[in-house]
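Undergrad: For reference, the structure I am asking about is given below.
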Amino acid sequence: MFLVETWLKEEGAATLIEACPPNYKFYQSIRTNKRGGGIAVIFSDKLSCNEINLGTFTSFEYLAIKVKTDHSLLLITLYRPPKSSPTFLSDFSTLVSAVLTNYDRIIITGDFNIHVNKSGDSNGKDLLNTLDGFGLHQYVTEATHQLGNTLDLVISQPANINNISVSDIAISDHYCVLFEFPFTIHSNRETGATHKRCINESAQQKITELISSRDLLNGHKSLDEMVAGFNSNLKEILDEVAPLKTKRSSRVKTSPWINESVREKKRQCRAAERAWRKSKLEVNRIILKEHIITYNNTIRTERKNYLSKIITDHHNNTRVLFSTIEKVLNPGPVCDMLSLATTPKCEEFAEFFTNKILAIRAEIIRDPNYLQDAPIKEPPTLQTFSAITEDDLYKLIKHSKRSTCSLDPIPTFLMKNNFNYISTPLLQIINTSILSGIFPSAFKTAVVTL
């Protein structure tokens with residue numbers, strides 16, 4: 001997706017992060033020291049893309065992206081302000097002549113603010129003549145602005161572009177230009193098998209209903225039997241409602257804040273769009289714009305709530321907090337720590353802590369007169385264990401981490417959500433263990449992950 005006049009500044013990356021669908025990345029170019037302008041390109045992470053610099057031009061803004069394909073491909077998004085410098089054609093010719101010699105195929109898109117649809121427009125004639133001289137073709141033949149002019153162009157070599165169309169998507173005075181460009185990609189995604197359960201809102205409600213209606217201990221009195229019954233009942237409920245499924249995955253990310261409320265707003269947008277495209281009435285267009293605004297606001301709210309919940313649930317886990325903030329404010333490739341484990345870096349790391357230890361030792365008072373024999377006290381001993389209350393159990397579960405072990409009968413978040421129904425059998429298991437001094441055999445197994 002090629003965007004012009006984004007009006008974003010240096011801190012505008014968060015806006016593009018919010019706008020990107022799952023598994024999409026972006027590059028952007030901002031206009032410094034002035035209002036307006038700005039270019040952004042949003043692309044699937046299946047594409048191997050790199051931003052390149054083709055020089056500086058004063059008459060227009062541009063963003064150049066090199067795509068790794070079987071043949072060298074360059075995508076240029078360009079924005080020419082309405083009151084541009086008279087050197088535009090000269091600068092544009094310099095840019096095109098430089099890339100044509102280095103790339104097999106190029107696509108130039110953007111808002112040129114030149115009326116190529118008007119035969120009497122001198123700027124339009126000069127631009128088309130320039131393109132013809134380079135063996136390039138301008139594909140857009142319909143109006144791309146609400147005033148009826150063709151300002152947004154798609155330029156490439158002949159026979160490169162297919163199925164070009166112009167569509168009013170009711171969010172700007174410019175229309176959306178759609179086209180197809182076939183090429184073979186070099187995917188960046190890794191494929192593999194994943195094992196997942198579908199635990200959506202309806203599944204959670206069903207799990208709660210089954211837990212509340214079942215005797216989780218099966219009437220057992222022995223501690224090991226109670227634990228076995230508790231675990232097996234919860235696992236059976238989970239397998240019944242959300243069975244574990246194996247899927248071939250390409251490591252595709254999802255947007256976890258997309259819930260049923262967001263999906264309903266999206267369905268309303270699609271219905272409003274169909275009504276407007278069928279009737280072409282202005283009133284339906286206004287209704288569509290209102291639905292789009294509501295849909296975007298809903299996504300923004302749900303995303304905010306999702307991130308706020310992560311911060312609240314992991315307020316004591318700095319690793320999760322810093323990781324979340326990094327993903328929101330600075331998306332991109334994760335730093336490979338193994339690449340930093342070079343011999344000089346290891347020596348620097350060791351030297352830093354060695355010097356720190358030496359500095360601490362140097363500050364310690366060495367005068368033996370200051371050293372006195374401390375009285376030795378008998379250490380406190382624990383004679384008996386006391387049974388815990390339901391309030392004690394609630395505090396333990398409430399403040400526990402949301403991470404789940406593969407040995408757990410159900411995910412931790414389901415355990416927390418259904419505390420009212422599992423507290424009684426769980427409390428019975430814990431107090432039986434405490435008062436009898438017996439540790440359940442099922443709890444003597446651990447899983448170590450690397």
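Read in order, the letters of the sequence shown correspond to residues 1 to 450 in UniProt numbering. Note that beta-carbon positions come from the ideal geometry of N, C-alpha and C, so glycine has one too. Quick caveat: nothing in here was measured; it's all calculated off a predicted structure.
1) Using the three-state DSSP reduction, which class does Ser93 fall into: helix, strand or coil?
2) What is the residue span of the beta strand (DSSP E) that Glu10 lies within?
3) Phe2 and Thr77 look like a contact to me (Cβ under 8 Å); what is the Cβ gap, rounded to whole Å?
4) Are the beta-carbon atoms of Tyr393 and Leu435 separated by less than 9 Å?
5) Is the separation between the beta-carbon of Leu73 and that of Phe183 shorter than 9 Å?
6) Quick check: the stretch 263 to 283 against the stretch 227 to 235, are at least 3 beta-carbon pairs closer than 8 Å?
7) Hey, how far is the Cα of Leu358 from the Cα of Ala350?
8) Pull up the distance between the alpha-carbon of Asn102 and that of Gly55, whole angstroms please.
9) Name the DSSP beta bridge partners of Ile107, please?
10) Along the beta strand (DSSP E) that carries Leu128, what are the first and last residues, could you check?
11) Grouping DSSP H, G and I as helix and E and B as strand, with all else coil, what is Cys49?
12) DSSP three-state call for Cys405: helix, strand or coil?
13) How far does the alpha helix (DSSP H) with Lys66 in it extend, from its first residue to its last?
14) Nearest CA to the CA of Thr150: which residue from Lys118, Asn431, Thr294, Gly12?
15) Would a C-beta distance cut-off of 9 Å place Phe57 and Leu100 closer than the cut-off?
16) Quick check on the DSSP output: the beta strand (DSSP E) that includes Val41 runs from which residue to which?
17) If Leu75 and Leu127 are in contact, beta carbons under 8 Å, what's the gap, nearest whole angstrom?
18) Determine the burial state of residue 480: buried for a count of at least 16 other Cβ atoms within 10 Å of its Cβ, exposed for fewer.
19) In angstroms, rounded to a whole number, what distance separates the CA positions of Thr144 and Gly110?
20) Going along the chain, which residues of its own chain have a beta-carbon closer than 8 Å to the beta-carbon of Asp336, five neighbours each way excluded?
21) List the residues that DSSP assigns as beta-bridge partners of Asn162.
22) Under DSSP, the alpha helix (DSSP H) around Tyr175 begins and ends at which residues?
23) Quick one: what does DSSP say Val140 is sitting in, helix, strand or coil?
24) Does the Cβ of Glu61 have 16 or more other Cβ atoms within 10 Å, making it buried, or fewer, making it exposed?
25) Is Val41 buried or exposed, if buried means 16 or more other CB atoms sit within 10 Å of its CB?
26) Out of curiosity, what's the CA-to-CA distance linking Asn53 and Thr445?
27) What is the residue span of the beta strand (DSSP E) that Ser29 lies within?
28) For Ser93, collect the residues of the same chain with a Cβ closer than 7 Å to its Cβ; drop the 5 residues on either side in sequence, then sort them by chain order.
29) According to the neighbour-count rule (16 or more other Cβ atoms, all chains shown, within 10 Å of its Cβ), is Thr6 buried or exposed?
30) Under a three-way DSSP split, which group does His434 fall into?
31) For the alpha helix (DSSP H) holding Leu382, just list the boundary residues, first then last.
32) As a quick exercise: from Phe419, Phe26, Met415, Thr424, pick the residue whose alpha carbon is nearest that of Lys235.
33) For Val320, which three-state DSSP category applies?
34) Between Leu8, Lys46, Thr384, which has its C-alpha nearest Tyr24's C-alpha?
35) For Gly437, count neighbouring C-beta atoms within 10 Å of its own C-beta (all shown protein chains included) and say buried if the count is 16 or more, exposed if not.
36) Here's the rule: buried if 16 or more other CB atoms are within 10 angstroms of the residue's CB, otherwise exposed. What is Gly124?
TA: With the structure as the only source:
1) Correct three-state label for Ser93: helix.
2) That residue, Glu10, is in no beta strand (DSSP E); it is neither H nor E in DSSP.
3) 4 Å
4) Tyr is not the amino acid found at residue 393; the sequence shown has Leu there. Taking 9 Å as the cut-off, the beta carbon of Leu393 is found no closer than this to the beta carbon of Leu435.
5) yes
6) no
7) 12 Å
8) Going from the Cα of Asn102 to the Cα of Gly55 covers about 15 Å.
9) Leu75, Ser156
10) Here Leu128 belongs to no beta strand (DSSP E); instead the alpha helix (DSSP H) covers 122 to 133.
11) strand
12) coil
13) Segment 61 to 67 is the beta strand (DSSP E) holding Lys66; no alpha helix (DSSP H) there.
14) Lys118
15) no
16) 39 to 44
17) About 19 Å; that fails the 8 Å criterion.
18) One cannot answer for residue 480 here, as it falls past the ends of the chain, which runs 1 to 450.
19) 11 Å
20) With a pLDDT of 48 at Asp336, under the threshold of 50, the modelled position of this residue cannot be trusted; read the value that follows with caution. In its own chain, leaving out the 5 sequence neighbours on each side, no residue places its CB closer than 8 Å to the CB of Asp336.
21) Glu180
22) Run containing Tyr175: none; DSSP gives neither H nor E here.
23) coil
24) By the neighbour-count rule (16 or more Cβ atoms within 10 Å), Glu61 is buried.
25) Val41 counts as buried, since at least 16 other C-beta atoms from the protein chains shown sit within 10 angstroms of its C-beta.
26) So the alpha carbons of these two residues sit roughly 57 Å apart.
27) Residues 24 to 29.
28) Thr130
29) buried
30) Sequence check: residue 434 is Ile here, not His. Note: Ile434 maps to helix in three-state DSSP.
31) It is not in any alpha helix (DSSP H) - Leu382 carries neither H nor E in the DSSP assignment.
32) Met415
33) helix
34) The residue from Leu8, Lys46, Thr384 with its alpha-carbon nearest to that of Tyr24 is Lys46.
35) exposed
36) buried
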